[in-house]
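Scroll down for the structure; my scribbles are underneath it.
In this note's numbering, the protein residues as written are 1 to 132.
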């Protein structure tokens with residue numbers, strides 16, 4: 001017997017804003033000015049955002065001491081995995097996924113670039129040099 005895949009209801013604007021606010025609060029990154037807009041855009045586009053261990057979705061981190069006060073790092077995996085691929089056969093997949101994330105963030109209107117050899121994407125405000 002075939003089974004149907006349940007499709008979630010589209011989020012209303014009010015539910016979308018509430019979910020984005022709750023996600024931002026759960027991340028605890030109050031000093032990251034780009035975060036509310038980034039989370040809202042990602043959720044609206046259908047991405048899940050990690051709010052704790054093993055919650056799935058993209059990870060968003062704020063590392064002002066390394067990448068400047070306004071930069072955010074976004075990756076498909078927890079940052080430890082983003083810097084150390086566990087299996088060389090997976091490296092190509094991680095690279096493709098990081099590029100897809102980069103292109104998605106740019107399509108959503110964010111200034112984004114790959115972060116060196118890692119599988120993370122750096123998001124910065126427009127007009128920012130991204131430095132310290």
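Quick reminder that beta carbons are idealized off the backbone N, C-alpha and C, glycines included.
Residue of the options minimising C-alpha distance to residue i
i           : options            : result
residue 105 : 64, 38, 126 and 48 : 38
residue 28  : 18, 15, 51 and 43  : 51
residue 121 : 30, 12 and 76      : 76
residue 67  : 116, 22 and 14     : 116
residue 25  : 118, 13 and 60     : 60
residue 119 : 102, 47 and 22     : 102
residue 69  : 35, 19 and 21      : 35
Bounding residues of the alpha helix (DSSP H) (the contiguous stretch that carries residue i)
i          : result
residue 26 : 13 to 27
residue 34 : Per DSSP, residue 34 belongs to no alpha helix (DSSP H) and is neither H nor E.
residue 66 : 64 to 67
Cβ pair residue i, residue j closer than 8 angstroms
i           : j           : result
residue 123 : residue 58  : no
residue 125 : residue 114 : no
For residue i, the three-state DSSP class (helix, strand or coil)
i           : result
residue 75  : strand
residue 94  : helix
residue 131 : Reliability fails at residue 131, whose pLDDT of 48 lies under 50, so the model's placement of it is uncertain and the value that follows must be treated cautiously. Correct three-state label for residue 131: coil.
residue 117 : coil
Residue span of the beta strand (DSSP E) that contains residue i, given as start and end
i          : result
residue 59 : 59 to 61
Counterpart residues of residue i in DSSP-defined beta bridges
i           : result
residue 112 : 123
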